[in-house]
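Okay, structure first, notes after.
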Amino acid sequence: MEEDSIAVEVQDTTQSQISTQIQAITDVVQDPMQLLTVDLWKSAMDYLLKFGVSLLVAATIIIVGFWLAKRLKRTLRTVLEKRDIDPSVRTFILDFVSWVFRILVIITALAKLGIEMTSFLALLGAAGFAIGMAFSGALGNFAGGILLLVLRPYRVGDVVIAKGELGKVTDIQLFNTVLLTFDNKTIIIPNGEVIKDSITNFTKQDIRRVDFDFGLSYGHDFEAAKEVIFDLCSKNEMILKEPEPFVGVKSLGDSAVDITCRVWTSTEHYWTVYYYLSETIYKEMPERGFPFPFPQMDVHLKKEN
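Be aware that the sequence shown starts at 21, since it is given in the numbering used here, and climbs by one per residue.
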């Protein structure tokens, strides 16, 4: 009996030791996994916290930077206006400075996020090349805007024909020129197209010549009619004495002698003088014995036997 009891105790002790060893082995295997999981979770939380702070700082940089860009643009506009800088140059400078400042703000924000600027600039250069190939027209328009500012074929406020469109220049932007037509339509023309085409500027010169043509009946005294026109021109102070007015026979038409009247005036008075000549000649010439001829045709009938 004692031997059996001792055998049972030995067996229980052996099973207990085996269980203890198995548990020890299990704990050794599980502890590194738990430690690894905890470390990964802690690292992820630390990274997210750090990245969140960096993202918040970058967003703050962008918001404040864009606000400063607006303030800078407003201040620079005031300075340029006080120095009486040409409006076309002023608009270009303001847009250029504003965009450059915003790009610097974005680069600073990206650097705060930990993006390497060397790699970013290399990537930006490659992307810029690809975008430049895709948007070569936009780069051409930008170059055209620079040429317009250097050559200055027109300024803000001039009346021009650009790319076949007539209007008053209201703005010269980085990429476009904005025209306002006389019937209040806005026309936007790419600068690249403007610089490649002919440009007619009606207001660049201080004075302009007004040409007005009308018909005189055959048989009337041209010299007398000429004196009447000179008298009408002398009564308008907007018509310049130098260069002096000119009146001459332009052509001999089928029904009338075509007379041309050419006078000079300041550019701002061009249309006022033009309509003055139209209305005054129409009213005064018939009253002074020079009626306007109507189109007529003489028909000769020949009778044959």
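Using N, Cα and C, we set each Cβ at its ideal position, and we do this for glycine too.
Here the structure is a predicted model, which is why all the values come from computation and not from measurement.
- With fewer than 16 other Cβ atoms from the protein chains shown falling within 10 Å of its own Cβ, N204 counts as exposed.
- Linking H289 to M258 through their CA atoms gives a straight-line distance of about 7 Å.
- Nearest neighbour of Q193 by Cα position, chosen from I181, G212, V180, T201, turns out to be G212.
- In the three-state DSSP reduction, L321 falls in the coil class, being neither helix nor strand.
- Closest in C-alpha terms to F266, from the list V248, A276, L272, D274, comes V248.
- According to DSSP, N204 shares a beta bridge with no other residue.
- Apart from sequence neighbours up to five positions away, the residues of its chain that approach R110 with a beta-carbon distance below 6 Å are L100, ordered along the chain.
- Inter-segment contact for the segment 162–181 and the segment 118–128 is absent: fewer than three beta-carbon pairs are separated by less than 8 Å.
- Under the three-state reduction of DSSP, L199 is assigned to strand.
- Take G134, set aside five residues on each side of it, and the residues of its chain with a beta-carbon closer than 7 Å to its own are S74, in chain order.
- P306 sits close to F312, with the two beta carbons spaced by under 8 Å.
- Taking a cut-off of 8 Å for Cβ pairs, the segment 239–255 and the segment 206–225 do not touch, as fewer than three such pairs fall below it.
- Distance from V283 to V230 at the Cβ level is roughly 5 Å; contact confirmed, criterion being Cβ atoms closer than 8 Å.
- Per DSSP, A244 lies in no beta strand (DSSP E) segment; the continuous alpha helix (DSSP H) that holds it begins and ends at 242–254.
- The DSSP assignment places no complete run of the alpha helix (DSSP H) inside the segment 245–305 (cut-off: 4 residues).
- Taking C-beta atoms under 8 Å as the contact rule, I227 and L260 qualify, at a distance of about 7 Å.
- For V189, DSSP records a beta bridge to L199.
- Taking 8 Å as the cut-off, the Cβ atoms of L252 and I301 count as close.
- Annotated three-state conformation of I113 is helix, per DSSP.
- From the listed residues T285, L167, G72, the smallest Cα separation to E262 is found for T285.
- One Cα belongs to R94, the other to W291, and the distance between them is close to 37 Å.
- In chain order, A182, K183, T197 place their CB closer than 6 Å to the CB of I209, counting only its own chain and leaving out the 5 sequence neighbours on each side.
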